[in-house]
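Protein chains: 2
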Amino acid sequence: MREHYREELEDINASLVEMANSVGSAMSTATTALLDADVALADRVIAGDEHIDAVRESIEQRCFALLARQQPVATDLRTVTAAMRIVADLERMGDLAVHVAKVARMRFPDPAVPQEVRPLFLEAGHIAEGLVSKTATVIAKLDVEAAAQLEADDDLMDRIHRQLFTELLADTWPHGMEQAIDVTLLGRYYERFADHAVSVARRVVYLVTGEMEMRGSV
Amino acid sequence: MREHYREELEDINASLVEMANSVGSAMSTATTALLDADVALADRVIAGDEHIDAVRESIEQRCFALLARQQPVATDLRTVTAAMRIVADLERMGDLAVHVAKVARMRFPDPAVPQEVRPLFLEAGHIAEGLVSKTATVIAKLDVEAAAQLEADDDLMDRIHRQLFTELLADTWPHGMEQAIDVTLLGRYYERFADHAVSVARRVVYLVTGEMEMRGSV
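So this is what it looks like as structure tokens:
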């Protein structure tokens, strides 16, 4: 019974890592769809969200079943409740990738992102990729060091977000309102994506730190 | 022991209702701050978020303690895990009220919302108020009927959101890019506020329906 219990906890953790990787792929693909005006890639991201939602559902049910059957306490209980929160952040990150893909789809065959801000979105995509890959590492290895790096990446994303506004507000912005709305919302999607990654990392840190404190107090 | 346990569950539910009401007040006040360019009101919303975060923290801790000490199963376990999710939605709704207040603050003494779209934000504010008040009722009375009404309100909010874009994209939009960015983001904040209210209602419906199904299957 006890053996099975540990296996279940590890299985939930492995699924969280897998979900983080799926979400990362979704955002990378969405960024390419956006920058290349590639509607097939955009459709792949939109269709793929069903799988991410299904993984969420499966993890939630396993967490619930584990609570009901095994009634964990202390660190194990914290691990399960943290997983239930992390899964919500990851699902939302998947939704944000879909939002990016939908903008690409909506403007096709035109590119949604004007040339002037293309390098900023390219960078936002890279930062998002790095963030989610570090998030997966943080979950997989309960790595508090990697979690700290995520905060630095998040600051970079905020800087890009501000630069987008600078571009939009420049007298030289040669495009219309539609592009400005797209760029404003896209900037927000990437920024929120980063926020959720940081939120996941903070939950893991809290979990590990809490555990350390408990060990220290024993 | 059992008596105390029921009291704890009811106490958590009462705190969720109180938190929903606080979040509703925050959004109402933020809307007034926005429309009246009232920086004192905006500051009140921004300062008040600390209280909402503290209520969240307190509810989360009580949920965790209840799981650890009482090890609930079946409906009670579902109630506690639902509360942990609802509290996250409500906290985010509080954050969105702060975002609205911050836009009002940033543009002060100018109004952030141009006259052309003022009626739309007034209506968005009313819908948000109605949504959160119904959300509180849904939580307090586990009222599935009220939850259905929330979906209708959410549709109204989506309609307003689309109308905002129509205004921005009209050839007659007489304002600059800064106002357009503000309006785009503000529209998004209200829309997300409504989404989270619907998400809370759906969790309660799921809880009640699950319960009904269980009763039906006995």
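From first to last, the protein sequence lines stand for chains A and B.
Under this note's numbering, the first residue of the first sequence carries the number 3, and numbering increases by one thereafter.
Under this note's numbering, the first residue of the second sequence carries the number 3, and numbering increases by one thereafter.
Just so you know, even glycine gets a beta-carbon here, dropped at the ideal spot from N, CA and C.
Just so we're clear, the structure is a prediction, and the values are computed from it rather than from any experiment.
Cβ neighbour criterion (16 or more within 10 Å) applied to residue i
i	result
B/A42	exposed
A/Q181	buried
A/R71	exposed
B/Y208	exposed
B/L92	buried
B/V75	exposed
B/A196	buried
B/A32	buried
A/V119	buried
B/E193	buried
A/L171	exposed
B/G178	exposed
Simplified DSSP assignment, three categories, for residue i
i	result
A/G178	coil
B/M216	Confidence in B/M216 is poor, its pLDDT being 42 and thus under 50, which makes the residue's placement unreliable; the coordinate value appears in the next sentence. Looking at B/M216 - three-state DSSP - the assignment turns out to be helix.
A/A84	helix
A/F167	helix
A/V100	helix
A/P113	coil
A/A39	coil
B/A172	coil
A/D157	helix
A/Q63	helix
A/P121	helix
A/L18	helix
B/Q73	coil
A/L144	coil
B/V210	helix
B/A203	helix
Reference residue i; option with closest CA among the options
i	options	result
A/D38	A/R94, A/R8, A/Y7 and A/Q117	A/Q117
B/S27	B/V210, B/P121, B/A138 and B/T81	B/A138
A/A142	A/R8, A/E10, A/Y7 and A/N15	A/N15
B/L221	B/A149, B/S135 and B/E9	Not covered by the structure: residue 221 of chain B. The range shown for chain B is 3 to 220.
A/D155	A/C65, A/S135, A/D173 and A/I129	A/I129
A/D51	A/D13, A/C65, A/Q63 and A/A22	A/A22
B/L187	B/S60, B/L98, B/A49 and B/L11	B/L98
B/E153	B/V202, B/V57, B/S24 and B/Q165	B/V202
B/L124	B/E20, B/S30 and B/A56	B/S30
A/T83	B/A35, B/C65 and B/V100	B/C65
B/A90	B/P176, B/V25, B/W175 and B/L158	B/V25
A/S135	A/V102, A/M95, A/E59 and A/D160	A/M95
A/V185	A/T211, A/L158 and A/V115	A/V115
A/A56	A/V200, A/E20 and A/D145	A/E20
A/I61	A/G132, A/R164, A/L18 and A/P111	A/L18
A/M159	A/Y7, A/Y191 and A/T81	A/Y191
A/D78	A/P176, A/E12, A/L171 and A/L170	A/E12
Chain A contact residues for residue i, given Cβ-Cβ distances below 9 Å
i	result
B/E10	Correct list: empty, because the minimum Cβ distance to chain A is about 16 Å.
B/R204	Chain A residues near B/R204: none, gap ~13 Å exceeds 9 Å.
Amino acids of chain B, ordered along the chain, whose beta-carbon sits closer than 8 Å to that of residue i
i	result
A/A229	The structure shown does not extend to residue 229 of chain A, since chain A spans only 3 to 220, so no value can be given for it.
A/E180	L171
Interface partners of residue i on chain B, CB under 9 Å
i	result
A/K193	Here the sequence assigns Glu to residue 193 of chain A, which means Lys is not the residue at that position. Correct list: empty, because the minimum Cβ distance to chain B is about 11 Å.
A/A99	Result: empty, since nearest Cβ-Cβ is about 17 Å, beyond 9 Å.
A/M86	T83, M86 and R87
A/F66	L79, R80 and T83
A/A199	The contacting residues do not exist; A/A199 stays about 16 Å from chain B at best.
Interface residues of chain A facing residue i [CB-CB closer than 7 Å]
i	result
B/A186	Here the sequence assigns Thr to residue 186 of chain B, which means Ala is not the residue at that position. Residues of chain A passing the Cβ test: I183, T186 and L187.
B/F167	I183
Amino acids of chain B, ordered along the chain, whose beta-carbon sits closer than 7 Å to that of residue i
i	result
A/A103	Those within 7 Å of A/A103 in chain B number zero; the least Cβ separation is about 17 Å.
Interface residues of chain A facing residue i [CB-CB closer than 8 Å]
i	result
B/R190	L187 and R190
B/A90	R87 and A90
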